[in-house]
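Structure first, commentary second.
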Amino acid sequence: MQPTNRPKFAQLPGAVKAAMGFFLAAWGAFFGVQAVLFGTVSIIHITFAGLFGMLILSYRNIGRLLCAVYHLIMAAVLGEQAFSGDPNALFSGANALLFFLSAAILLHPQTARLFKNKNTKNAKTDKNAKE
3 MQPTNRPKFA
13 QLPGAVKAAM
23 GFFLAAWGAF
33 FGVQAVLFGT
43 VSIIHITFAG
53 LFGMLILSYR
63 NIGRLLCAVY
73 HLIMAAVLGE
83 QAFSGDPNAL
93 FSGANALLFF
103 LSAAILLHPQ
113 TARLFKNKNT
123 KNAKTDKNAK
133 E
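Counting along the sequence shown from 1, when you hit position 85 you're at 87 in our numbering, and nothing is skipped either side.
Shown next, in the form of structure tokens:
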């Protein structure tokens, strides 16, 4: 097994922890609502959630950007459902908010700094050195 230079979760900046938390919350709420209300979960959404989860955990900047764009699309679609008179508008609106917050935190400068930094182990010290 090769050693990795990835920081442990406790060493990550707060914005990165929040981004990962909102990522999990958004997808978890989406899958939970879909399963309870409709009795099924879309395979394509499971695939995208897994793909973006792996990209986020790999700390690749392109993964962060793709995930943020897809989360904004999901927020727009769910937000449109919430305001179109859908009987499940409350759930659609809550999911839209979670996806929007996830995208916003993924685009936060502190999160971007970690994902753009090639040596993620030093991302926290680079922030302190620039201040």
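Each residue gets a CB set at the ideal place from its N, CA and C atoms; glycine is no exception.
The structure displayed is predicted, hence computed values, not measured ones.
Which of helix, strand or coil DSSP assigns to residue 87
Residue 87 falls in the coil class under three-state DSSP.
For residue 12, does the count of other Cβ atoms within 10 angstroms reach 16, so buried, or fall short, so exposed?
exposed
What number of angstroms, rounded off, separates the C-alpha of residue 92 from the C-alpha of residue 99?
Looking at the two C-alpha atoms, the distance is approximately 11 Å.
Does the count of Cβ pairs from the stretch 34-51 and the stretch 99-115 closer than 8 Å reach three?
no
Rounded to whole angstroms, how far is the Cβ of residue 21 from the Cβ of residue 75, which I believe are closer than 8 Å?
Not a contact, Cβ separation roughly 17 Å.
According to DSSP, is residue 97 part of a helix, a strand, or is it coil?
helix
Between which two residues does the alpha helix (DSSP H) containing residue 36 stretch?
16-40
Which of helix, strand or coil does DSSP assign to residue 62?
coil
Using DSSP with H/G/I as helix, E/B as strand and the rest coil, what is residue 110?
If DSSP states are grouped into helix, strand and coil, residue 110 belongs with coil.
Consult DSSP for residue 104 and reduce its assignment to one of helix, strand or coil.
helix
Own chain partners of residue 63 with C-beta closer than 8 Å, once the 5 adjacent residues on each side are dropped
114, 117, 118
Exposure label - residue 48; buried when at least 16 CB within 10 Å:
Residue 48 is exposed by the Cβ-count criterion.
Do you know how far the Cα of residue 40 is from the Cα of residue 101?
20 Å
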